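Q: Chains as they are written, first to last, in the numbering used here: chain A, 4 to 197; chain B, 4 to 197.
Provided herewith is a single structure, encoded as structure tokens, for subsequent inquiry.
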DNA sequence: AGATTAGCGGAGGCACCCCTCCGTTTCAAC
DNA sequence: GTTGAAACGGAGGGGTGCCTCCGCTAATCT
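Shown next as structure tokens:
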């Protein structure tokens, strides 16, 4: 577990209130926010989030003084999950491991938009730590695949994640088109090694 | 010039008012809308667009009864330009022509977001005609490159444009990163031919 | 069970946006 | 230059979202 990942998970642990009703509301808010950010991106309405959570707007603001706080927390949660997935995949063969992780990255429909918005948006300590943590999670997989000669050596984890998140953020009316397009781009990622 | 392109350019010609002041305002609104949509996507504020154009909100609504009208017109303009570029490139060698056109597609910073939003959003006759027109413009370039054995045969113009627009829609803090990432993906587009 | 106090929720003030309507201005035809 | 008509623009009503504040509720502690 990288040090950044520790920072991220500690950041998460420190938030949850102790009183049972407060903790319940906190969880409901996070779930609602996750949904809302997935649907409308980082601009989702806070009042709508409170409504979805079945909670007064005041409660939302008590837990998350600003939109950024809330967004950071949701984002950190997702990144944390992704880091765990990367660890699980460490045993697979190099290309499979990398590919599987990227697949998970894409499948994170819930936060896809949030992750993209966060890659784009302004910086903050939490965002930086999260991004670093996500890179730390993916980088070993990438490097292993590169050492195995299955991935071109001139690509960085930063490049790779932006590539994949861009492709996965477009709408694909046709069934299976997203996977097809992604596969084409990943051929490029492997190209130099074939 | 494809029949869709004719539909698109006729749609455009029919709008501009005859009276000189009205025509001036129409142009100013279009330019302002182009800017605003580029900055904020299809959700840009109409009042802000009128303000940028130095025109009352009433004038905006007289020219474009709904947001969709305005958006369609801006979009049709851009698509029209892209079609012309494709024709100009017809003389270049196959891969260069395709690559150059895609480059232009990316460089269309002005409407990048609008084009993406339009690819994603709901359908309308105008959008369908525009998309068709854009595909008609790119398809010959793609097919020529495929016949020349420089591009994998199993990719469609639809795939290719979604791939490129996804990649170009992400934020790249690092100078030149967008081009690097795009080049990697385009290696995948050529992969099967190498 | 009662007292304490953390936590709740929503009313309300502010800002922004949408869109309509109509009194005023400007064009262009004669 | 006059005049009719086309075009202008912005005030204003309705809606939604942001955020604060404070009287009320209910969890926790003893």
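Using N, Cα and C, we set each Cβ at its ideal position, and we do this for glycine too.
Predicted model, so just to flag it, every value in this text is computed and none were measured.
How do the segment 47 to 54 of chain B and the segment 79 to 99 of chain B stand: do at least 3 beta-carbon pairs fall below 8 Å, yes or no?
A: Too few Cβ pairs lie closer than 8 Å, so no.
Q: When the cut-off is 7 Å and only beta carbons count, does residue 154 of chain B lie next to chain A?
A: Output row for residue 154 of chain B: interface = no.
Q: Decide if residue 94 of chain A is buried, meaning its Cβ has at least 16 other Cβ atoms within 10 Å, or exposed.
A: Exposed: under 16 other Cβ atoms inside 10 Å.
Q: Measure the alpha-carbon distance for residue 160 of chain B versus residue 70 of chain B and round it to whole angstroms.
A: Near 29 Å, if we compare the C-alpha coordinates of residue 70 of chain B and residue 160 of chain B.
Q: Can you give the Cα-Cα distance for residue 7 of chain A and residue 107 of chain A, rounded to whole angstroms?
A: The alpha-carbon atoms of residue 7 of chain A and residue 107 of chain A are separated by roughly 20 Å.
Q: To the nearest angstrom, how far is the alpha carbon of residue 143 of chain B from that of residue 135 of chain A?
A: About 43 Å.
Q: Is it true that the CB of residue 154 of chain B sits closer than 7 Å to the CB of residue 193 of chain B?
A: Going by C-beta atoms, residue 193 of chain B is nearer than 7 Å to residue 154 of chain B.
Q: Taking the Cβ atom as the reference point for each residue, do residue 28 of chain A and residue 76 of chain A lie within a distance shorter than 7 Å?
A: No, Cβ-Cβ distance for residue 28 of chain A and residue 76 of chain A is not below 7 Å.
Q: Taking 7 Å as the threshold (beta carbon to beta carbon), is residue 35 of chain A in contact with chain B?
A: Judged by the 7 Å Cβ criterion, residue 35 of chain A is not in contact with chain B.
Q: What does a CB cutoff of less than 8 Å around residue 197 of chain A pick up in its chain, not counting 5 residues either side in sequence?
A: Caution applies to residue 197 of chain A, whose pLDDT of 49 falls short of 50 and renders its modelled position unreliable; the value that the coordinates give is listed next. Around residue 197 of chain A: no qualifying Cβ.
Q: Any C-beta of chain B sitting closer than 7 Å to the C-beta of residue 41 of chain A?
A: No, residue 41 of chain A lies away from the interface with chain B (no Cβ there is under 7 Å from its Cβ).
Q: Mapping the DSSP letters down to three states, classify residue 78 of chain A as helix, strand or coil.
A: Here residue 78 of chain A sits in helix by DSSP.
Q: Determine the DSSP secondary structure at residue 173 of chain A, reduced to helix, strand or coil.
A: The answer is coil: DSSP assigns residue 173 of chain A none of H, G, I, E or B.
Q: Just by C-beta distance, which residues in the segment 171 to 183 of chain A are closer than 8 Å to chain B?
A: Within the segment 171 to 183 of chain A, the residues whose Cβ lies closer than 8 Å to some Cβ of chain B are 171, 172, 173, 174, 175, 177, 180 and 183, listed in chain order.
Q: Given residue 151 of chain B, which residues of its chain have a CB within under 6 Å of its CB, disregarding the five upstream and five downstream residues?
A: 97.
Q: Would you mind reading off the limits of the alpha helix (DSSP H) that contains residue 147 of chain B?
A: 128 to 150 is the span of the alpha helix (DSSP H), which, as asked, contains residue 147 of chain B.
Q: Taking only beta-carbon positions, decide if residue 191 of chain A is within less than 7 Å of chain B.
A: Yes, because at least one Cβ of chain B sits closer than 7 Å to the Cβ of residue 191 of chain A.
Q: Pull up the distance between the alpha-carbon of residue 166 of chain B and that of residue 171 of chain A, whole angstroms please.
A: Going from the Cα of residue 166 of chain B to the Cα of residue 171 of chain A covers about 9 Å.
Q: Write down every uninterrupted run of the alpha helix (DSSP H) in the segment 32 to 98 of chain A whose length is 4 residues or greater and which is fully enclosed by it, in chain order.
A: Those alpha helix (DSSP H) runs which fall completely within the segment 32 to 98 of chain A and span 4+ residues are 49 to 56, 60 to 66 and 70 to 91.
Q: Closest by CA to residue 20 of chain A, which one among A:13, A:12 and A:30?
A: Out of A:13, A:12 and A:30, A:30 has the C-alpha closest to the C-alpha of residue 20 of chain A.
Q: Let me see if you follow: with CB-CB separation under 7 Å, is residue 169 of chain A close to chain B or not?
A: Interface residue, yes.
Q: Should residue 187 of chain B be flagged as near chain A, meaning a C-beta pair shorter than 7 Å?
A: Interface residue, yes.
Q: Would the beta-carbon of residue 145 of chain B fall within 7 Å of that of residue 101 of chain B?
A: Yes.
Q: So with CB distances below 7 Å, who are the chain B contacts of residue 134 of chain A?
A: What residue 134 of chain A touches in chain B: nothing, since even the nearest Cβ is about 11 Å away.
Q: Listing by chain order, which chain B residues have their CB less than 7 Å from the CB of residue 166 of chain A?
A: Near residue 166 of chain A (Cβ distances below 7 Å), the residues of chain B are 170, 184, 187 and 188.
Q: Should residue 187 of chain A be labelled buried (16 or more other beta-carbon atoms within 10 Å of its own) or exposed?
A: Label assigned to residue 187 of chain A: buried.
Q: So which of B:50, B:174, B:72 and B:40 has the shortest CA-CA distance to residue 14 of chain B?
A: Of B:50, B:174, B:72 and B:40, the residue nearest in Cα terms is B:72.
Q: At a CB distance below 8 Å, what residues from the segment 91 to 121 of chain A approach chain B? Give them in sequence order.
A: Going along the segment 91 to 121 of chain A in chain order, one finds 119 with a Cβ nearer than 8 Å to chain B.
Q: Residues in the same chain with beta-carbon distance under 7 Å from residue 58 of chain A, minus the five sequence neighbours each way, listed in chain order, please.
A: Within the same chain, residue 58 of chain A has close Cβ partners 28, 31 and 32.
Q: For residue 160 of chain A, return the contacting residues in chain B, with the cut-off set at a CB-CB distance below 8 Å.
A: Those within 8 Å of residue 160 of chain A in chain B number zero; the least Cβ separation is about 12 Å.
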